[in-house]
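Protein chains in written order, with the working numbering: chain A, 1 to 78; chain C, 1001 to 1078; chain S, 2001 to 2171; chain E, 3001 to 3171. Working notes for the structure below.
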Amino acid sequence: MKLNLLFFGILTDATGKAKQEFESDATDVDSLNKQLQIIYPELIKHTYKIGVNSEIVSRGKKLYDGDEVSFLPPFAGG
Amino acid sequence: MKLNLLFFGILTDATGKAKQEFESDATDVDSLNKQLQIIYPELIKHTYKIGVNSEIVSRGKKLYDGDEVSFLPPFAGG
Amino acid sequence: MTEMKFHFCHRLPAGKHSMMEEKKKKHNVLVEGRVTSTFIADAISKHSSKTEIGAHAIFLGQVRRDAQKDSFVKNIEYSAHPEMAEKAFEKIREKAFKKFDMICLHIHHSIGMVDAGEVSLFVFVSCKHRAQTFGALKWLVDEIKKTVPIWKKENYENGSYKWLDGDQPPM
Amino acid sequence: MTEMKFHFCHRLPAGKHSMMEEKKKKHNVLVEGRVTSTFIADAISKHSSKTEIGAHAIFLGQVRRDAQKDSFVKNIEYSAHPEMAEKAFEKIREKAFKKFDMICLHIHHSIGMVDAGEVSLFVFVSCKHRAQTFGALKWLVDEIKKTVPIWKKENYENGSYKWLDGDQPPM
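As structure tokens, this is what we get:
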């Protein structure tokens, strides 16, 4: 299935991009995350939360075709 | 001796004036205050501090010719 | 009534709008570039018609020209997940109106480049009495820093940059 | 250096002024009539050159149109012992700079008539980091209310008036 990945903050440096269309057989957030950590090993060095369709989710969250998946390092607004 | 009296806030209503040149034989703040409470009996109803030459003083403060004496009800700025 | 208060601050419903429509209005916290002092002045002067207000408290975050090795901060580049950020701000509004006895609340946060010396965060709390404003202001600024998906990249005068750390605990 | 900071905020000494002369400069807190939003905006924008500042906190006291029997507040008339008031504000400044890690502090308080909806008190605190601003702002406003010889007379729309109570303990 096709996922729309969004990387934010320092993770844009870790992956070299801010967004990516990603074809994946991962059925949940945790397995997607493991796939991405292989492609982008720099990710492992960072702390981040994961959002699906604009909601922060736990790592067991199921994924569906067309989902937007956001990789969110610690917030630093203000 | 001659004193320059200043009344503030609600004390301008109690005395009917904001300032007054006052000839007095009072040698300290306490005796001046007692004289004024006879002239302006409304003063007795109010709480106030007394300032001499722009400094708040205790009631035993000695008075000298030409002193400015201020009658200061509770402050209400802001 | 508490609900109405903040949704209707400067947004009095026209005759044809229902309350439900009014409630759905977005607050659009994020603004492109710096928050100008005329924008702030305008926000303040609009409140002179809200004569039940006795006290306003305002927080402004300003970009510091901090030293960094051989250089200085030139600007901060703010980025966000816009939908998530606006949702997070909306949640902060709702919590704030439950926690504090406020009449109005306005928040604006920059996105994009903001130069050293310029303002990137504007939090504006209005209450009947002063007592509630101080706690509300502090709570709001802390909550914004903790819960809104915004990131900042410090660009230095020598061309280098650094992503600034947030204080979000690990998931 | 701590001493210099606030005396020199927007008051950089000309070559011929000694530090002693500079220190004696009055801050002139009292202003005739309301504090305008353009005055506030101007104060904010002047600080964009102070690039060591990271956080400003501002308090604005606004005159409420409170109901009073059959009428409403039309305006508040502020009066003061000007010399004692300016001295009291100067003492507050000195205490505040000792208590809090501030870079700049500006206070303006109205004298004379201020209409309902208008601003009569403007307290403007600037620090390196946000943490100090909130406590400083609250302390300053409380201290101003307690220690500055200012009085207020509420004038109502029907022509009557009332002197407002302060919260000074009896001597």
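The C-beta atom is built at its ideal place from N, Cα and C for all residues, glycine as well. Keep in mind it's a predicted model, so treat the numbers as computed, not measured.
Supposed close pair residue i, residue j - CB separation, criterion 8 Å
i	j	result
residue 3117/E	residue 2071/S	Contact doesn't hold; Cβ gap of about 47 Å is too wide.
residue 3166/E	residue 3114/E	Actually they are not in contact, since the Cβ atoms of residue 3166/E and residue 3114/E sit about 17 Å apart, beyond 8 Å.
residue 3148/E	residue 1075/C	6 Å
residue 3089/E	residue 3027/E	7 Å
residue 3080/E	residue 3111/E	6 Å
residue 1043/C	residue 1037/C	5 Å
residue 2153/S	residue 2058/S	About 26 Å separates the two Cβ atoms, so there is no contact after all.
residue 3091/E	residue 1054/C	With a Cβ gap of about 12 Å, residue 3091/E and residue 1054/C do not count as contacting.
residue 3062/E	residue 2056/S	6 Å
Spatial distance of residue i from residue j (CA atoms)
i	j	result
residue 2141/S	residue 2046/S	22 Å
residue 3042/E	residue 1061/C	45 Å
residue 46/A	residue 1077/C	53 Å
residue 1065/C	residue 1058/C	18 Å
residue 2127/S	residue 2054/S	6 Å
residue 3161/E	residue 1017/C	17 Å
residue 1072/C	residue 3052/E	41 Å
residue 2156/S	residue 1056/C	54 Å
residue 1069/C	residue 3094/E	26 Å
residue 48/A	residue 9/A	10 Å
residue 2135/S	residue 3074/E	30 Å
residue 15/A	residue 33/A	13 Å
residue 3084/E	residue 3039/E	25 Å
residue 1063/C	residue 1004/C	11 Å
residue 1041/C	residue 2132/S	40 Å
residue 2151/S	residue 3164/E	48 Å
residue 3129/E	residue 30/A	38 Å
residue 3023/E	residue 3030/E	With a pLDDT of 49 at residue 3023/E, under the threshold of 50, the modelled position of this residue cannot be trusted, and the question is left open.
residue 2064/S	residue 3139/E	25 Å
residue 3143/E	residue 2060/S	22 Å
residue 28/A	residue 3097/E	55 Å
residue 2099/S	residue 2037/S	29 Å
residue 1025/C	residue 1013/C	25 Å
residue 1021/C	residue 1001/C	10 Å
residue 2159/S	residue 50/A	31 Å
Span of the alpha helix (DSSP H), counted from its first residue to its last, around residue i
i	result
residue 1031/C	1029–1039
residue 2134/S	2131–2147
residue 2115/S	Taken as a continuous stretch (DSSP letters only), residue 2115/S belongs to no alpha helix (DSSP H), being part of the beta strand (DSSP E) at 2102–2115.
residue 11/A	11–15
Beta strand (DSSP E) segment containing residue i, residue limits
i	result
residue 1019/C	1019–1023
residue 3164/E	From DSSP, residue 3164/E is part of no beta strand (DSSP E); its letter is neither H nor E.
residue 2156/S	2150–2156
residue 68/A	68–72
residue 2128/S	Taken as a continuous stretch (DSSP letters only), residue 2128/S belongs to no beta strand (DSSP E), as it is neither H nor E.
residue 7/A	2–7
residue 3118/E	Premise fails: residue 3118/E is in no beta strand (DSSP E) and is neither H nor E.
residue 1057/C	1055–1057
residue 3030/E	3030–3032
residue 51/A	49–52
C-beta neighbour in chain A for residue i, strict 9 Å
i	result
residue 2147/S	yes
residue 2108/S	no
residue 2135/S	no
residue 2114/S	no
residue 2058/S	no
residue 2098/S	no
Contact with chain E by residue i, beta-carbon distance below 9 Å
i	result
residue 2138/S	yes
residue 1008/C	yes
residue 1067/C	no
residue 2117/S	yes
residue 1028/C	no
residue 2068/S	no
residue 2071/S	no
residue 1016/C	no
residue 1113/C	Residue 1113/C lies beyond the stretch modelled for chain C, which goes from 1001 to 1078, so this question has no answer here.
residue 2052/S	yes
Proximity test, Cβ basis, 9 Å: residue i and chain S
i	result
residue 31/A	no
residue 74/A	yes
residue 60/A	no
residue 3042/E	yes
Contacts that residue i makes with chain D (C-beta to C-beta distance below 7 Å)
i	result
residue 2083/S	Note that chain D does not occur in the displayed structure, where the protein chains are A, C, S and E.
Cutoff 9 Å: residue i Cβ touching any chain C Cβ
i	result
residue 3156/E	no
residue 3166/E	yes
residue 3080/E	yes
residue 3153/E	yes
residue 3150/E	yes
residue 3061/E	yes
Kindly provide the ranges of any beta strand (DSSP E) runs that are 3 or more residues long and lie completely inside the region 2047–2099 of chain S, ordered along the chain. Taken in chain order, the whole beta strand (DSSP E) runs of length 3 or more contained in the region 2047–2099 of chain S are 2055–2062, 2071–2080.
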